[in-house]
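So the numbering used here is basically just the index in the sequence shown, starting at one, shifted up by 232. For each residue, glycine too, the CB sits at the ideal point set by N, CA and C.
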Amino acid sequence: MSEEFKIEIVNPEKSFLVKEDVIEVVVPAFEGEMGILKDHISIISFLKPGIIKVFSKSGEENYYVEDGIIEFKNNNLSILTSTIISVTDLDKSKQGDLLKKAEAEASKSEISDQAKYLADQKVEVLRSIN
């Protein structure tokens with residue numbers, strides 16, 4: 233019996249990724265990191281800044297996201313996000329630019345608790361990427 237399911241990641245510009253041989257996906261949900269396997273219960277959740285890990289027959293792929301919504305239903309995982317970058321495409325310069333922007337956002341004096349939390353998450357994740 234196959235243990236695979238389908239994933240589709242969409243950003244405003246295009247359909248970013250479509251794979252049908254996915255074994256597991258780990259997403260940075262607000263509730264915490266969530267692992268999704270075939271036949272997971274139906275779920276809708278929001279993403280916080282973090283790394284989406286996609287495990288498939290062809291290997292592991294990691295993507296940096298800042299926000300988004302996931303829906304898993306009938307062994308189809310849909311991820312809608314405004315910002316997604318493959319970690320392998322994230323060079324030191326781009327990572328540094330994103331980090332500076334997130335640090336500036338986090339250090340604003342007039343910032344809501346939620347915005348501060350999200351900015352701090354971006355800073356933490358960007359610093360953790362090698």
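- Within the model, the alpha-carbon separation for residue 243 versus residue 355 is close to 22 angstroms.
- Secondary structure at residue 253: strand, using DSSP grouped into helix, strand and coil.
- Within the same chain, 242, 300 and 301 come within 6 angstroms of residue 312 by CB-CB distance, once the 5 residues on both sides are set aside.
- Inter-residue distance for residue 340 and residue 247 is about 34 angstroms (C-alpha atoms, whole angstroms).
- Of 264, 270 and 285, the smallest CA-CA separation from residue 277 is found for 264.
- In this structure, DSSP gives residue 274 a state outside helix and strand, which the three-state scheme calls coil.
- Excluding the 5 residues flanking it on each side, residue 352 has same chain C-beta neighbours closer than 8 angstroms at 338, in chain order.
- With fewer than 16 other beta carbons inside 10 angstroms of its own, residue 291 counts as exposed.
- Listed as beta-bridge partners of residue 261 by DSSP are 264 and 279.
- In the DSSP annotation of this structure, the continuous segment of the alpha helix (DSSP H) that includes residue 325 starts and ends at 324-338.
- Secondary structure note for residue 348: its alpha helix (DSSP H) is the uninterrupted segment 345-360.
- Distance from the CA of residue 294 to the CA of residue 350, rounded to the nearest whole angstrom, comes to 20 angstroms.
- In the DSSP assignment, residue 319 is bridged to no other residue.
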